[in-house]
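*Asks:* Residues in the sequence shown are numbered consecutively from 9, following the numbering used here.
Note that the Cβ used here is the ideal one computed from N, Cα and C, for glycine as well.
These numbers come from a predicted model, not from an experiment.
Dropping the structure in here first, questions after.
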Amino acid sequence: MRVLLVEDTDGMRKIVGSMLIAMGFENIVTAANGRDALEHLETVNVDLLLTNWSMPVMNGLELVRTVRAQSRNKSLPIIMFTSRASRSDVVIAMEAGVDGYVAKPFAPAQLREQITNVLQRHSRRQIENVANALDPMRGVDQYPLLLIGERAIRPHDLARLENRGTLHFLDQTVAAVSRINGDADPRLVGVTVYDDSTELGRRLRSLGRRVKAMVLNARMPGALTLARLAAVNKAYDVSLFVTCGRREEIPDKVRQGLDRMSVTLLEHSHLDTDSMQQLVLEHALAPGGAKRPAQLPSPAEINRRLRTDILSSVTLPVMPNVFHDIAELARDPESDIQKWISVIEADPLSSAQVVRRAHSPVYGFRGEIEQAGKAVILLGKNTVKELVVSEAVQRAFQVIQQDEFSMEDFWLHSVCVALTARLFSLPLEPSQRSKEQRQDHELFGLSDAAVAAPERLQLPTRLPQDARVGPFTGGMMHDIGKVALVHSYPGLNQAVRAELERNDWNIPMCQAEEMIAGGANHTAVGGILAESWRLGDRITSVIETHHTPDTKDPLTSLIALADVVVGGFQPYPTDAPYPMLRLVRARDETVIDEAAMGFMESFMPQDLCKHLDMSATDLIELARHLGPSVSKRAQDLQKSLSGPAST
């Protein structure tokens, strides 16, 4: 809180200044007369003016009258301290516009009491002004709206000392809007305030063309993310602003990104009634209005904006080199095993992990295995690739630290999809499997029922796979957009989860993302990351279209089915009670029959299931029979990546 102390004598300035410091005021600006004080008020915003009456050049009474004539300081709390203590002097000072009057000499307690009373009265007036000026948000109204996002908006919060700056800004904003409206009926423009970025986003989408400008405090949780998403999804001519104490408070990369997306930064010191009035006039009530787009932005335009925003505002995670090297070798089924060994040995972490994997009891290898080269030969290319790909995802995203985001949940879901997709792709006839494929199938340890379920659907025959692009990589990468979304838009993860909970988890996550983030869903953001990681067209297609696969794309179709099946035993998040999980766990077949149709429509890739003549019951049975084996193998892989290097 900034106090301007105006007193002509050095001694009295020091005495009153010491009193203010003892009261907890740290930001104290001093002036020797009224003229100096006015110069300060031209350059800085103050929250309280304390002035003496009798001073040279310009006395306190002249100062008060001049300040009250300024629109930006019309409501500034002013206290006068003076030796002039007659009743008539007090009346003159009050008529000039002072809010409090202290006669010299005075004790610290007297000054404290006067300051407390004045500030409390001032806050109550401001809070009442703000509450009375907020728009009633009636559905029948059509006049333009200004949306404000602030950390504190409730009366008991605004009354707190630390939120006085917020209250001052809101008071000046509603004063500007009231000045514009005058006696107009209906209003020319309305203003409303929220302290929740998710609710602000909903309002922005629901109100459409009525919202002409949105002003967000950078310190409000989710404000920067909302500003960026609003710029990406902007369908109407909405001006976007972010307020801050100083521009430097916002990281350079984010600031540059906001600028590229036409989001304007405003420093609090430059905001007053006049500037807010000008903002509203220019962006909400300009003659003739700003030009409207002829049509809503296309998906391609949304994607272009999204790409611009992410690449200019965020440093994307980087994939380790060992992943690219192994992926390149895996494209050639006949690649030299010695090249695989060289790549693995060049990466110490991968070397330790293949040795650790070779020690796993599930392989039954005898003797000590301490060299990565020997481990690579014993494990085979598929298992080595499995280790490298699954570990590379963990390594790339290890920097992600967002509340309510669990990297372990994400990884387990992804690796289960990868394993299930690989299992679906294995030839049905044992005689048709290669040595590695036979070993791979045996490692699942499937029950007779688990073997029979995929055989009945004939997936390897109906969705034949290209050996150069393994299903495991596609499954491991299909949801990387979810982590990229969390990384690129802080706070969005919590909002998406809240939307899922609000809908009792009866909608897919991609639909909740659409509700909160518009076109910035995990498939679109994942595509941007796939390009950055050079994953190639096939894997990028999996990432971007696994919820709506083309029936002519066997790899994406396979991953889409695996994703739905895994939702029945290892969803993301792990505690998410999606319909598929509830159906798999249900034991009453009547319940399954009743719920299946709703599940079919919301979660299953409709065109693909129709093409393959598959029902919800088919996928439920797959999840029931395969879940235990796939989960166990995922846990074995997890131990290989995190356990000790030797046994």
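Since LYS220 is in the beta strand (DSSP E), which residue starts that stretch and which ends it?
*Replies:* 219-225
*Asks:* Report the partner residues of GLU275 according to the DSSP bridge assignment.
*Replies:* CYS252
*Asks:* How about SER551 and HIS495: do their beta carbons lie closer than 8 angstroms?
*Replies:* The sequence shown places Ile at residue 551, not Ser. No.
*Asks:* Measuring CB to CB, does MET228 end up less than 8 angstroms from SER205?
*Replies:* yes
*Asks:* Determine the burial state of ALA525: buried for a count of at least 16 other Cβ atoms within 10 Å of its Cβ, exposed for fewer.
*Replies:* By the neighbour-count criterion, in which 16 or more other beta carbons inside 10 Å mark a residue as buried, ALA525 falls on the buried side.
*Asks:* What does DSSP give as the partner residue(s) for ASN35 in the beta ladder?
*Replies:* ARG10
*Asks:* Does the segment 49-56 come close enough to the segment 247-258 that 3 or more CB-CB pairs lie under 8 angstroms?
*Replies:* no
*Asks:* Is the beta carbon of ILE334 sitting closer than 8 angstroms to the one on GLY381?
*Replies:* no
*Asks:* Using only alpha-carbon positions, find the residue among LEU566, VAL362 and ALA226 that is nearest to LEU620.
*Replies:* LEU566
*Asks:* Tell me, to the nearest whole angstrom, how far the beta carbon of ALA221 is from that of LEU287; I am working on the premise that it is less than 8 angstroms.
*Replies:* 7 angstroms
*Asks:* For THR655, count neighbouring C-beta atoms within 10 Å of its own C-beta (all shown protein chains included) and say buried if the count is 16 or more, exposed if not.
*Replies:* With a pLDDT of 32 at THR655, under the threshold of 50, the modelled position of this residue cannot be trusted, and the question is left open.
*Asks:* Taking the straight line between their C-alpha atoms, what separation do you get for SER455 and ALA461?
*Replies:* 10 angstroms
*Asks:* Between which two residues does the beta strand (DSSP E) containing ALA111 stretch?
*Replies:* 108-111
*Asks:* Keeping to the same chain, check which residues put their C-beta closer than 7 angstroms to that of GLN361; ignore five residues upstream and five downstream.
*Replies:* LEU395, GLU399, SER648 and LEU649
*Asks:* In the DSSP output, what is LEU58 paired with across the bridge?
*Replies:* LEU13 and ILE87
*Asks:* Where does ARG146 land, buried or exposed, given buried means 16+ other C-beta within 10 angstroms?
*Replies:* Result: exposed.
*Asks:* Over what stretch of residues does the beta strand (DSSP E) that includes ILE156 continue unbroken?
*Replies:* 153-157
*Asks:* By Cβ distance below 7 angstroms, which residues in the same chain neighbour ARG505 in space, the five residues on each side in sequence not counted?
*Replies:* GLU412
*Asks:* Within 8 angstroms, do at least three Cβ pairs link the segment 256-273 to the segment 302-321?
*Replies:* yes
*Asks:* Assign ARG593 to one of two classes, buried (16 or more other C-beta atoms within 10 Å of its C-beta) or exposed (fewer than that).
*Replies:* exposed
*Asks:* Considering just the uninterrupted stretch of the beta strand (DSSP E) at GLU200, what are its terminal residues?
*Replies:* A quick correction: the sequence has Thr, not Glu, at residue 200. That run of the beta strand (DSSP E) goes 198-202.
*Asks:* Per DSSP, which one or two residues make a beta bridge with SER247?
*Replies:* ALA221
*Asks:* For GLY453 versus SER637, is the C-beta distance shorter than 8 angstroms?
*Replies:* yes
*Asks:* Please state whether DSSP places ILE547 in a helix, a strand or coil.
*Replies:* helix
*Asks:* Which same chain residues, not among the five before or five after GLU353, have their C-beta less than 7 angstroms away from its C-beta?
*Replies:* SER359, ALA380 and GLY381
*Asks:* Measure from the alpha carbon of PHE89 to the alpha carbon of each residue in LEU46, VAL24 and LEU274, then state which is nearest.
*Replies:* VAL24
*Asks:* Who are the near neighbours of ASP282 in its chain, counting only those whose CB is closer than 8 angstroms to its CB and skipping five residues on each side?
*Replies:* SER79, ARG80 and ALA184
*Asks:* Comparing C-alpha positions only, which one of ARG187, ILE488 and ARG430 sits nearest to GLN473?
*Replies:* ARG430
*Asks:* In three-state DSSP terms, what is MET269?
*Replies:* coil
*Asks:* Assign GLU521 to one of two classes, buried (16 or more other C-beta atoms within 10 Å of its C-beta) or exposed (fewer than that).
*Replies:* buried
*Asks:* Would ARG365 be called buried (16 or more neighbouring beta carbons within 10 Å of its own) or exposed?
*Replies:* In summary, ARG365 is buried, with 16 or more beta-carbon neighbours lying within 10 Å of its beta-carbon over all protein chains present.
*Asks:* Buried or exposed: which applies to THR174, given that a residue is buried once 16 or more other Cβ atoms fall within 10 Å of its Cβ?
*Replies:* buried
*Asks:* In angstroms, rounded to a whole number, what distance separates the CA positions of PHE5 and GLU207?
*Replies:* One cannot answer for residue 5 here, as it falls past the ends of the chain, which runs 9 to 655.
*Asks:* Using the beta-carbon count (16 or more within 10 Å), is GLY297 buried or exposed?
*Replies:* Confidence at GLY297 is low in this model, with a pLDDT of 47, below 50, so the placement of that residue is unreliable and no value is reported for it.
*Asks:* What is the residue span of the alpha helix (DSSP H) that LYS347 lies within?
*Replies:* Run containing LYS347: 345-353, per the alpha helix (DSSP H) assignment.
*Asks:* Ignore the nearest five residues each way along the sequence and tell me which others in HIS130's own chain have a CB closer than 6 angstroms to its CB.
*Replies:* PRO85
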